[in-house]
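Student: Here the protein sequences line up with chains A and B, keeping their order. In this text, residue positions in the first sequence follow my numbering: the first is 978, and each later residue adds one. In this text, residue positions in the second sequence follow my numbering: the first is 81, and each later residue adds one.
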Amino acid sequence: MVDIPEHLLIRSAEARAKALGISVEQALAEMKGETEPTVVAKEPEVKVIDETPAPAAETPAPAAETPAPAASKTDTPEEVDFAPEVKVTQRLLTVVKAKPIQKPVAEPVDKVNTWPHLMLPEFVSLMAMTAFLILLSAILQAPLLEEANPNVTPNPAKAPWYFLGLQELLSYWDPQIAGVMIPLVLGVVLWMAFPYIDRNPETHPSKRKFAIMFYTFFLAGAGVLTIIGVLFRGPGWNWTYPWIDGIWFDDLLDWIHFE
Amino acid sequence: MQKLSLRDKIKEARISAADSFRGGKLMSSIFRPGSPFRKGYVDSPRNRSYVVMNNVLYHLHPVKVKRHGVRLSYTLCLGGLSFFLFIVLTITGIWLMFYFRPTELAYVDIQNLQTSIAFGSLVRNMHRWGAHLMVLVVFLHMSRVFYHGAYKAPREFNWVIGVILLLLTLLLSFTGYLLPWDQLAIWAVTVGGNMAGYTPVIGAQAKFGLFAGLEATTATLLRFYVLHVLFLPFIIVIFMAVHFWRVRKDGGISGPL
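1) Run down chain B in chain order and give the residues with a C-beta less than 8 Å from the C-beta of residue 1192 of chain A.
2) Chain A partners of residue 325 of chain B, CB-CB under 9 Å?
3) Let me know if residue 131 of chain B comes out buried or exposed under the rule of 16 or more other beta-carbons within 10 Å of its beta-carbon.
4) Would residue 1138 of chain A and residue 1228 of chain A qualify as a contact pair, given that the criterion is a beta-carbon distance under 8 Å?
5) At what residues does the beta strand (DSSP E) containing residue 349 of chain B begin and finish?
6) For the region 272 to 280 of chain B against the region 1149 to 1164 of chain A, are there 3 or more C-beta pairs whose distance is under 8 Å?
7) I'd like the list of long-range same chain contacts for residue 319 of chain B, defined as Cβ closer than 7 Å, with 5 residues on each side in sequence excluded.
8) Closer than 8 Å, CB to CB, is residue 1033 of chain A near chain B or not?
9) Since residue 1210 of chain A sits in a beta bridge, which residues does DSSP pair it with?
10) Using 8 Å as the threshold, is the C-beta distance between residue 1133 of chain A and residue 1219 of chain A below it?
11) According to DSSP, is residue 1175 of chain A helix, strand or coil?
12) Name the chain A residues whose beta carbon is nearer than 9 Å to that of residue 194 of chain B?
13) Just the chain B side, please: which residues come within less than 8 Å of residue 1080 of chain A by C-beta, in chain order?
14) With burial defined as no fewer than 16 other Cβ atoms inside 10 Å of the residue's Cβ, what is the status of residue 1237 of chain A: buried or exposed?
15) Residue 329 of chain B lies in the alpha helix (DSSP H); which residues open and close that run?
16) Once you ignore the five residues that flank residue 187 of chain B on each side, which residues in its own chain have a CB closer than 8 Å to its CB?
17) Helix, strand or coil, according to DSSP, for residue 995 of chain A in the structure here?
18) In this structure, how does DSSP classify residue 1227 of chain A when only helix, strand and coil are distinguished?
19) Let me confirm a value: residue 1194 of chain A is counted as buried when at least 16 other C-beta atoms fall within 10 Å, else exposed. Which label applies?
20) Say whether chain B places a C-beta atom closer than 8 Å to the C-beta of residue 1041 of chain A.
21) Could you run through the region 204 to 219 of chain B and flag, in chain order, every residue whose CB is less than 9 Å away from some CB of chain A?
22) Whose CA, out of B:185, B:231, B:222, B:93, lies closest to the CA of residue 1175 of chain A?
23) Apart from the five residues on each side of it in sequence, which residues of its chain come closer than 6 Å, Cβ to Cβ, to residue 136 of chain B?
24) Taking any Cβ of chain A, which residues in the region 263 to 280 of chain B have a Cβ under 7 Å from it, in chain order?
25) Our contact map puts residue 213 of chain B next to residue 165 of chain B with C-beta atoms below 8 Å; I'd like the distance itself, whole angstroms only.
26) Taking CB distances under 8 Å as the criterion, tell me whether residue 139 of chain B reaches chain A.
27) Let's see if you can read the secondary structure: which residues bound the beta strand (DSSP E) around residue 271 of chain B?
28) Quick check on residue 1080 of chain A: does DSSP put it in helix, strand or coil?
29) Can you tell me whether DSSP reads residue 983 of chain A as helix, strand or coil?
30) By Cβ distance, which residues of its chain are closer than 8 Å to residue 215 of chain B, with the 5 residues on each side in sequence left out?
31) Is there a Cβ from chain A that is less than 8 Å from the Cβ of residue 147 of chain B?
32) Between residue 1122 of chain A and the rest of its own chain, which residues show a CB-CB distance below 7 Å, the 5 nearest in sequence each way excluded?
33) Taking the continuous alpha helix (DSSP H) assigned at residue 188 of chain B, which residues delimit it?
34) I'd like to know if the region 173 to 182 of chain B and the region 140 to 149 of chain B are in contact, where contact means that at least 3 CB-CB pairs between them fall below 8 Å.
35) Run the CB neighbour count on residue 127 of chain B, radius 10 Å, all protein chains shown included, and call it buried at 16 or more, exposed below.
36) Run down chain B in chain order and give the residues with a C-beta less than 8 Å from the C-beta of residue 1214 of chain A.
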């Protein structure tokens, strides 16, 4: 017999002792052939490797009727019978559920070539926009009033149209609220943070009615305020009707006329 | 065999000369494989990919896009049109810079531009109406994105960049508003600058910084000019680059609904 180092022997004896439930000394003695090997009545239970606990029940416990280890019967070769219900020559170690190791993440998407299906409509819309802009510029003259004079204040003095909603708000409330807090807090901070506030993952309009309502309300409010600021405010920021008192917004002077 | 007339012979020679030019070394060095300008371009899936991949400008786009995204009714081209208007404004703006001095002479320069420079009036009008259109189109683009819920994960941060781009667009338009140096310009900017003066804590400083003084003067004009032609375009181009890049990285166009 080949000399097996003592520490390896002890380690395997410990493993065997643990598996069979006997003391280490006995296992060591058995391994050295000093005593009869322990006969296990029952094989270790089959371990089912599976993440989900439920299917464990469907694997039968094959260990119950399995006979004692083959080692104790090797001295009776004439009894060998190949009928599986009598002799078990192989046993079930694990049951691995049949599923792919890698899960496909991306679903196939219906795609078309960018050229020509996207770039052609894009090109046409650019051309249309260019034509529209040139036509607009040929028809409508950009305003140019008298030279800037800090000593002559026009009445009313109006901001560019995209700030006129704000200017209108300024006429209602304290400038610190209307002129700064609303555009800064509502307009910038809230607006930028919107995707982080709205955690609803749905994109279909019918499933995000509040968000749609919120935005539409904002849009309508901004639109109404801007239109009031542009068309309905005259000298002293008083209410005027454009069809009675005329337009008090110089940017529009040349291209909207009411008789 | 029918004898060719002189006219046909000339035509044939012209076609073969054009062919050998298109297939020659010069043209194939300029245009990369898959370009429709190269000889022997055929409409094949491979060449359709090459058209996009092998061109620095078209390369903004992926080779393929989602089918629902190319429907005009989905995006209305609003993002692309915003970018296009920015380019138009850059070109017309550079042209206008040749005739404009941001000093007391600004008003005279605009007058001269309108009266004595070829196409001066047209280009100025294009720049002004284009700027108004760009504010409008950017705003509509934002609304389109909102109604499609396109700001949702993973596109949250691109929405933030988009809001920054809207603010920069407004600032660009606002700084440009002063440059004609007429009564409309100076008083609109005075109203806007006074609004900035209401900022809590740093209101006075913000107003002073914006006006380069206590009120709108030619110093303000120079300040707005530099902001308008150099500083803000520089900033907005950086944000635009990130915006477009994130569109691709976040999986292209959103949807379908």
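C-beta atoms are modelled at their ideal positions from N, C-alpha and C, and glycine is treated no differently. Note that the structure is predicted; figures quoted are calculated from it, not measured.
Tutor: From the atom records:
1) The count along the first sequence starts at 1 and reaches residue 1192 of chain A at position 215. 223, 226, 227, listed in chain order.
2) Indexing the second sequence from 1 puts residue 325 of chain B at position 245. In chain order: nothing, as chain A lies at least about 16 Å away.
3) Here residue 131 of chain B corresponds to residue number 51 of the second sequence, with the count starting at 1. Classification of residue 131 of chain B: buried, given that the 10 Å Cβ count is 16 or more.
4) Position 161 of the first sequence, counted from the start, is the residue given in the question as residue 1138 of chain A. Position 251 of the first sequence, counted from the start, is the residue given in the question as residue 1228 of chain A. Yes, they are a contact pair.
5) Nothing about residue 349 of chain B can be read from this structure; chain B reaches only from 81 to 337.
6) yes
7) In the second sequence, residue 319 of chain B corresponds to position 239, counting from 1. Cβ within range, chain order: 241, 244, 245, 248.
8) For the purposes of this step, residue 1033 of chain A is taken as the residue at position 56 of the first sequence. In this prediction, residue 1033 of chain A has a pLDDT of 45, which is less than 50 and means its spatial position is unreliable; nothing more can be read from the coordinates.
9) Within the first sequence, the letter at position 233 stands for residue 1210 of chain A. Bridge partners of residue 1210 of chain A: A:1216.
10) The residue given as residue 1133 of chain A occupies position 156 in the first sequence. The residue given as residue 1219 of chain A occupies position 242 in the first sequence. Result no, Cβ atoms of residue 1133 of chain A and residue 1219 of chain A do not sit closer than 8 Å.
11) Working through the first sequence from its first residue, we reach residue 1175 of chain A at position 198. Three-state DSSP puts residue 1175 of chain A in coil, outside helix and strand.
12) Residue numbering aside, residue 194 of chain B sits at position 114 when the second sequence is read from its first letter. Within 9 Å Cβ-Cβ: 1118, 1119, 1121.
13) Within the first sequence, numbered from 1, the residue matching residue 1080 of chain A stands at position 103. The contacting residues do not exist; residue 1080 of chain A stays about 18 Å from chain B at best.
14) Shown here, chain A extends from 978 to 1236; a query on residue 1237 of chain A therefore has no answer.
15) Along the second sequence, read from residue 1 onward, the residue named residue 329 of chain B stands at position 249. Per DSSP, residue 329 of chain B belongs to the alpha helix (DSSP H) from 312 to 329.
16) The count along the second sequence starts at 1 and reaches residue 187 of chain B at position 107. So the list reads 260, 261, 262, once near-sequence residues are dropped.
17) As a position in the first sequence, residue 995 of chain A is number 18, starting the count at 1. If DSSP states are grouped into helix, strand and coil, residue 995 of chain A belongs with the helices.
18) What you label residue 1227 of chain A is simply residue 250 of the first sequence in a count that begins at 1. Residue 1227 of chain A falls in the coil class under three-state DSSP.
19) If you number the first sequence from 1, residue 1194 of chain A lands on position 217. When all chains shown are included, residue 1194 of chain A counts as exposed.
20) In the first sequence, the residue the question calls residue 1041 of chain A occupies position 64. With a pLDDT of only 48 at residue 1041 of chain A, under 50, the local geometry of the prediction cannot be trusted, and no value is derived from it.
21) 204, 205, 206, 207, 208, 209, 210, 212, 213, 215, 216, 217, 219
22) The residue you call residue 1175 of chain A lines up with position 198 of the first sequence. The shortest C-alpha separation from residue 1175 of chain A is found at B:231.
23) Residue 136 of chain B sits at position 56 when you count from the first residue of the second sequence. Nothing meets the Cβ criterion.
24) 263, 264, 265, 266, 267, 268, 270, 271, 272, 275, 278, 279, 280
25) Here residue 213 of chain B corresponds to residue number 133 of the second sequence, with the count starting at 1. Here residue 165 of chain B corresponds to residue number 85 of the second sequence, with the count starting at 1. Going by Cβ atoms, the distance from residue 213 of chain B to residue 165 of chain B rounds to 6 Å, so yes, they are a contact pair.
26) Working through the second sequence from its first residue, we reach residue 139 of chain B at position 59. Residue 139 of chain B does not count as touching chain A.
27) Looking up residue 271 of chain B in the second sequence gives position 191. Counting along the chain, residue 271 of chain B falls outside any beta strand (DSSP E), though it belongs to the alpha helix (DSSP H) covering 263 to 276.
28) As a first step, residue 1080 of chain A must be located in the first sequence, where it is residue number 103. DSSP places residue 1080 of chain A in coil when its eight states are reduced to three.
29) Counted from its first residue, the first sequence places residue 983 of chain A at position 6. Residue 983 of chain A: helix per DSSP, three-state reduction.
30) Your numbering for residue 215 of chain B matches position 135 in the second sequence. Excluding sequence neighbours, residue 215 of chain B sits near 249, 250, 253.
31) The sequence position of residue 147 of chain B within the second sequence is 67, counting from 1. Output row for residue 147 of chain B: interface = yes.
32) Mapped onto the first sequence, residue 1122 of chain A falls at position 145. So the list reads 1227, once near-sequence residues are dropped.
33) On the second sequence, position 108 is the one that residue 188 of chain B refers to. Its alpha helix (DSSP H) spans residues 186 to 196.
34) no
35) Taking the second sequence and counting its residues from 1, the one referred to as residue 127 of chain B is at position 47. When all chains shown are included, residue 127 of chain B counts as buried.
36) In the first sequence, counting from the first residue as 1, residue 1214 of chain A sits at position 237. Those within 8 Å of residue 1214 of chain A in chain B number zero; the least Cβ separation is about 11 Å.
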